[in-house]
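There are 2 protein chains.
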Amino acid sequence: MTVRVGVVGGGQLARMMIAPAVELGVEIRVLAEEPGMSAALAATAVGDYRDIETVRAFAKDVDVLTFDHEHVPQDVLRALIADGVAVHPGPDALQYAQDKLAMRRKVAELGLPQPDWAEVADAEALGAFLASHGSRAVVKTPRGGYDGKGVRVVGAATDADDWFAALAEDGRGGALLVEELVDFDRELAAQVARRPSGELVAYPVVETVQRGGVCAEVVAPAAGLAPEVAAEATRIATGVAHGVGVTGMLAVELFATASGRVLVNEFAMRPHNSGHWTQDGAVTSQFEQHLRAVLDLPLGDTAARAPWTVMINVLGGPVAGSLDERFAAAMAAHPDAKVHAYGKAPRPGRKVGHVNVSGSDLDAVRADAAAAASFFLD
Amino acid sequence: MTVRVGVVGGGQLARMMIAPAVELGVEIRVLAEEPGMSAALAATAVGDYRDIETVRAFAKDVDVLTFDHEHVPQDVLRALIADGVAVHPGPDALQYAQDKLAMRRKVAELGLPQPDWAEVADAEALGAFLASHGSRAVVKTPRGGYDGKGVRVVGAATDADDWFAALAEDGRGGALLVEELVDFDRELAAQVARRPSGELVAYPVVETVQRGGVCAEVVAPAAGLAPEVAAEATRIATGVAHGVGVTGMLAVELFATASGRVLVNEFAMRPHNSGHWTQDGAVTSQFEQHLRAVLDLPLGDTAARAPWTVMINVLGGPVAGSLDERFAAAMAAHPDAKVHAYGKAPRPGRKVGHVNVSGSDLDAVRADAAAAASFFLD
Numbered sequence: 001m002t003v004r005v006g007v008v009g010g011g012q013l014a015r016m017m018i019a020p021a022v023e024l025g026v027e028i029r030v031l032a033e034e035p036g037m038s039a040a041l042a043a044t045a046v047g048d049y050r051d052i053e054t055v056r057a058f059a060k061d062v063d064v065l066t067f068d069h070e071h072v073p074q075d076v077l078r079a080l081i082a083d084g085v086a087v088h089p090g091p092d093a094l095q096y097a098q099d100k101l102a103m104r105r106k107v108a109e110l111g112l113p114q115p116d117w118a119e120v121a122d123a124e125a126l127g128a129f130l131a132s133h134g135s136r137a138v139v140k141t142p143r144g145g146y147d148g149k150g151v152r153v154v155g156a157a158t159d160a161d162d163w164f165a166a167l168a169e170d171g172r173g174g175a176l177l178v179e180e181l182v183d184f185d186r187e188l189a190a191q192v193a194r195r196p197s198g199e200l201v202a203y204p205v206v207e208t209v210q211r212g213g214v215c216a217e218v219v220a221p222a223a224g225l226a227p228e229v230a231a232e233a234t235r236i237a238t239g240v241a242h243g244v245g246v247t248g249m250l251a252v253e254l255f256a257t258a259s260g261r262v263l264v265n266e267f268a269m270r271p272h273n274s275g276h277w278t279q280d281g282a283v284t285s286q287f288e289q290h291l292r293a294v295l296d297l298p299l300g301d302t303a304a305r306a307p308w309t310v311m312i313n314v315l316g317g318p319v320a321g322s323l324d325e326r327f328a329a330a331m332a333a334h335p336d337a338k339v340h341a342y343g344k345a346p347r348p349g350r351k352v353g354h355v356n357v358s359g360s361d362l363d364a365v366r367a368d369a370a371a372a373a374s375f376f377l378d
Numbered sequence: 001m002t003v004r005v006g007v008v009g010g011g012q013l014a015r016m017m018i019a020p021a022v023e024l025g026v027e028i029r030v031l032a033e034e035p036g037m038s039a040a041l042a043a044t045a046v047g048d049y050r051d052i053e054t055v056r057a058f059a060k061d062v063d064v065l066t067f068d069h070e071h072v073p074q075d076v077l078r079a080l081i082a083d084g085v086a087v088h089p090g091p092d093a094l095q096y097a098q099d100k101l102a103m104r105r106k107v108a109e110l111g112l113p114q115p116d117w118a119e120v121a122d123a124e125a126l127g128a129f130l131a132s133h134g135s136r137a138v139v140k141t142p143r144g145g146y147d148g149k150g151v152r153v154v155g156a157a158t159d160a161d162d163w164f165a166a167l168a169e170d171g172r173g174g175a176l177l178v179e180e181l182v183d184f185d186r187e188l189a190a191q192v193a194r195r196p197s198g199e200l201v202a203y204p205v206v207e208t209v210q211r212g213g214v215c216a217e218v219v220a221p222a223a224g225l226a227p228e229v230a231a232e233a234t235r236i237a238t239g240v241a242h243g244v245g246v247t248g249m250l251a252v253e254l255f256a257t258a259s260g261r262v263l264v265n266e267f268a269m270r271p272h273n274s275g276h277w278t279q280d281g282a283v284t285s286q287f288e289q290h291l292r293a294v295l296d297l298p299l300g301d302t303a304a305r306a307p308w309t310v311m312i313n314v315l316g317g318p319v320a321g322s323l324d325e326r327f328a329a330a331m332a333a334h335p336d337a338k339v340h341a342y343g344k345a346p347r348p349g350r351k352v353g354h355v356n357v358s359g360s361d362l363d364a365v366r367a368d369a370a371a372a373a374s375f376f377l378d
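Residue numbers (the UniProt record's numbering), protein chains in the order written: chain D, 1 to 378; chain Y, 1 to 378.
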C-alpha cells in the first residue's frame, strides 16, 4: 500500500521532492501549472491551482496534499479541508506565508523579535512612519512578492503612490506593509520541520547572502556565529512553527545585527532556497524532511555531514555555450561539486540550478563552490 | 536540450537512477518488463527486452541506452549498434557479464588472478577437476544465475547431472563452469566507473558479507584492509574495466585469502548491491556515476563522506505489520538511518530495500545499521 503525496505546483521545489520520494518509497504526484515544468516527471495533472475543481480532482487520489509554493488561495484550501483532504501545511498556517501583514501581526502576538513595522493605507501614513524612522524604510506589498519583487526601499511619502493606486484599483481596499530599514550585519536563515503530531527538528542555522534581492549563496553553518545567536535564531523558528502550527518545512529568514539581535524578516512554509545545502550537506535533506513531516512520519537527523557546505545559485542569463556544455565543464573541473539542475530554460535572473560543495576548510569550500558555479555565469 | 537516457529493465537499479537523473537534469526513460515495477515512475514503455522491435522502438527517442541488468541478448544489442544507438556498456563488454565461461577466459587472458577453473561438458570432466582439487568444487551455469541461483557446491562427479541434462536439452550444447572452492577469508568488492573516453575512477574497496548466497551487508571501506590488498583489488577492477572496455559502473566481486591474495569471483556491469552505500556514504553515488559515465560526462568524486558507512539489505518475508509500519518504526528509532525502499511487494528472500548508516565509529555504525534493518526482519 504505497503512500501517495500530491504536490501543488510544478517548480523546482516539487522537482527536488522527487528524489527523496523515490528513495522513501512514496508515490509523488504533481499538479503542474503547465506541461514541461521542472517537476514534469511526476506531473499527473496540469491545471490552475486557483480553481477548486482542478485541485479537488487532483487531491482525490492522494493521501496528503502539500505545496511547491504558498499561492493556493485560502478558499480552495478550506474547501479541500471540508472535503476531508489532509492538507499540510494547512490554511491556518499558510495565511501567514501568504500575507505579510498577517505575518507581522502574528510574530508580534507571539512576542518574537522583528523590525518596527506598520500597516499603511496611504502616503500620509507612510510619511508618518518615515518621519519616525530616519526617513528611510522598506515598503512591501502584503501579497505576491518573491525574490525581491514587491519590495521597495523608500525615502519619501510619495514613493509608493503607484502601489497605493494599484491597491485602490483592485477593489479589495487593503494596505501596504512598511518596515524599518534594519541596519543588519548579515542575514541568517533558521529551518525547522514540524509534524502534525507536533514533533519538531531544527537544522543548523545558516548565513544567506543576497544579491539584487535574490539568494546568491548559503554558508552552512553560518561562520563565526555566536552559539547564543544561533540558539536565538532556532528559538524564533521553533516559536513560529509551533505558534502558527506549521506542518512540513519552515524557513525563517532573519536579520542579524552587529549588536547580536536577531529579527524576523520573512518566512516560507515549504522547502526553501536557504536549505538546498541539505541535499548534500545534511543527513536528511529538507526535501526528504518535508515529505516525512507532511506524511506525519518520524523526522530525520538534521546533522551536517561535513563541517561546511556552501550552496551557490545558478542564475540563467544570456551565456555563451549551452547549459549542458557548461555543466560538463563544471563537472570536469570540480568533481566534488554537486550540481543540481532544475530542467528550466535559462532566462536572465532565473534560478536554473545550484551547486553544493562540502568540506572541512571553509575558505576552500567557498572558493570551490564559487569556481564551479562560475561556469554558468558570464 | 535535455539529454535522454533510456534504461532497459524496470528493477530497483533503474529506480535508483531516477533520483540522480532528476538532480543532473537528465531525462530518464525506462523500458520495464511489466507495469508497476520498481522504476515505474520513469517507465515510458513496457515490453520484452529480448524482442528487438520492442527495444528498437524504445531506443529511438533516447540519446544513450543503458541497463538495469545484463540480460539483453547479444543479437538485440548488436542490432541496436547497427541502428546507430549509443549502447553503454556495449555488447563486447557485456558478453563477459552474460557468460561466466567467457568471463573466466577473459580474466585469464588479462593475466588477472582468479580461482582455478575449467569448462566441463560432462560428469567425467567434472570428476577429473574434483580429483585434482580436493574433491570439492563450485559448479556454475554460465548464464542466467544471480543471487546464488545457478551456483552449487559439489563433492561428486554426478552432483551436476541435472544441469548437464538441462544443457543437453536446450540444444545449444554448452558446458558448465567449475571452479576451485576458494578458502577465502572474506569477500571484497571493487567498483570503478569508466567513460567511453576512457576516463576511470575507483571507489574505496568494500567488504561484502553474504548470507545464503545473497549480499546481506556491506562495510565501506573494508575494515582493516592492508593498503596493498586494497590497491591490488583496485588494480584488478581497473584491469577488467579497461580490458573488456566497460562503460558505466563495473563491480568486481573478489575473494580475499588469509595469505593476502585477491581473486576475481564475478563481475557486474551496472550499479551493484555492493555499491548501495555510496548513495549516502560517497560524494558521488554509483547511480549518479553510472549516468555520468554512460553519458560520457566528467566523472564525480568517489571519496567517502564519512569514515564508515554500513549497508544492510532488507529482505522481504512473512512479517507481522506492514512494510510502511516497520519503516516508520525504523525511522523513529534511527533518525540517522537512510532507508531506501524499492516499491516492491515483499516475498521471502526478495530484496525490497536497504538501509545505510554512516559515522566515525565502525562498531556503532554496524550496530545502528543492523538495529535499523531489524525492524524489517522477523
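C-beta atoms are modelled at their ideal positions from N, C-alpha and C, and glycine is treated no differently.
Of the residues assessed, D:Glu-288 falls on the buried side of the cut-off, its CB having 16 or more other CB atoms within 10 angstroms. Between Y:Thr-302 and Y:Trp-277, the C-beta gap is not smaller than 8 Å, which leaves the two residues out of contact.
Comparing C-alpha distances from Y:Pro-204 to each of Y:Ala-175, Y:Val-283 and Y:Ala-19 shows the shortest one belongs to Y:Val-283.
In this structure, the CA atom of D:Glu-199 is about 28 Å from the CA atom of D:Ala-42. In terms of Cβ geometry, D:Leu-110 and D:Val-240 form a close pair [threshold 8 Å]. Sequence-distant Cβ neighbours of D:Gln-210 in its own chain, meaning closer than 6 Å and more than five residues away, do not exist here. Secondary structure note for Y:Trp-277: it is in no beta strand (DSSP E), with a DSSP letter that is neither H nor E. Within chain Y, Glu-23 have C-beta atoms less than 7 Å from the C-beta of D:His-340, given in sequence order.
In the DSSP annotation of this structure, the continuous segment of the beta strand (DSSP E) that includes Y:His-340 starts and ends at 338-341.
Residues of the same chain with a CB within less than 7 Å of the CB of D:Leu-225, apart from the 5 flanking positions on each side, are Val-205 in chain order. Considering only D:Leu-297, D:Pro-20 and D:Phe-327, the residue with the shortest C-alpha distance to D:Ser-197 is D:Leu-297. At a cut-off of 8 Å between beta carbons, D:Ile-18 contacts chain Y. Identification of chain Y residues near D:Thr-2 by a Cβ-Cβ cut-off of 7 Å yields Gly-343, ordered along the chain. In the pairwise beta carbon analysis, the region 341-354 of chain D is classified as not touching the region 240-257 of chain D: fewer than three pairs are separated by under 8 Å. Listed as beta-bridge partners of Y:Gly-10 by DSSP are no residues whatsoever. Secondary structure note for D:Gln-210: it is in no alpha helix (DSSP H), and the uninterrupted beta strand (DSSP E) holding it is 206-211.
Ranking Y:Lys-351, Y:Pro-346, Y:Arg-347 and Y:Asp-336 by CA distance to the CA of Y:Ala-369 puts Y:Asp-336 first.
Around D:Ala-328, the beta-carbon contacts reaching into chain Y at under 8 Å are Leu-297 and Pro-298. By alpha-carbon distance to D:Cys-215, the top candidate from D:Gly-174, D:Val-355 and D:Gly-127 is D:Val-355. Using a Cβ-Cβ distance cut-off of 8 Å, the region 259-275 of chain D and the region 11-24 of chain D are in contact, since at least three pairs of beta carbons, one from each stretch, lie closer than that value. For D:Gly-174 and D:Ala-121, the gap between their C-alpha atoms comes out near 7 Å. If only complete runs of 3 or more residues are kept, the region 52-115 of chain D shows the beta strand (DSSP E) at 64-67, in order along the chain. Non-local beta-carbon contacts of D:Lys-149 in its own chain, meaning distances under 8 Å to residues more than five positions away in sequence, involve Gly-213 in chain order. Residues of chain D whose Cβ lies closer than 7 Å to the Cβ of Y:Ala-332 are, in chain order, Pro-298. Apart from sequence neighbours up to five positions away, the residues of its chain that approach Y:Arg-4 with a beta-carbon distance below 7 Å are Glu-27, Arg-29, Asp-61, Val-62 and Asp-63, ordered along the chain.
Annotation for D:Arg-104: Gln-114, Trp-117 and Leu-177 place their beta carbon closer than 7 Å to its own, counting only its chain and skipping 5 residues before and after. A straight-line Cα-Cα distance of about 21 Å links Y:Val-85 and Y:Ala-193. According to DSSP, Y:Leu-200 shares a beta bridge with Y:Arg-194.
For D:Gln-95, same chain residues with a beta-carbon under 6 Å away, outside a window of 5 residues either side, are Ala-102 in chain order. An exposed status is given to Y:Arg-136, since fewer than 16 other beta-carbon atoms sit within 10 Å of its beta-carbon. Taking the Cα positions, D:Ala-222 is about 27 Å away from D:Gly-11. A distance of 8 Å or more separates the beta carbons of D:Ala-157 and D:Leu-112.
Under the DSSP assignment, Y:Glu-169 falls in the alpha helix (DSSP H) whose first and last residues are 161-169. The beta carbon of D:His-133 sits closer than 7 Å to the beta carbons of Asp-116 and Glu-180 from its chain, once the five residues preceding and following it are set aside; these are given in chain order. Closest in C-alpha terms to Y:Glu-53, from the list Y:Pro-73, Y:Val-365 and Y:His-334, comes Y:Pro-73. Distance from the CA atom of D:Phe-267 to the CA atom of D:Val-244, rounded to whole angstroms, is 11 Å.
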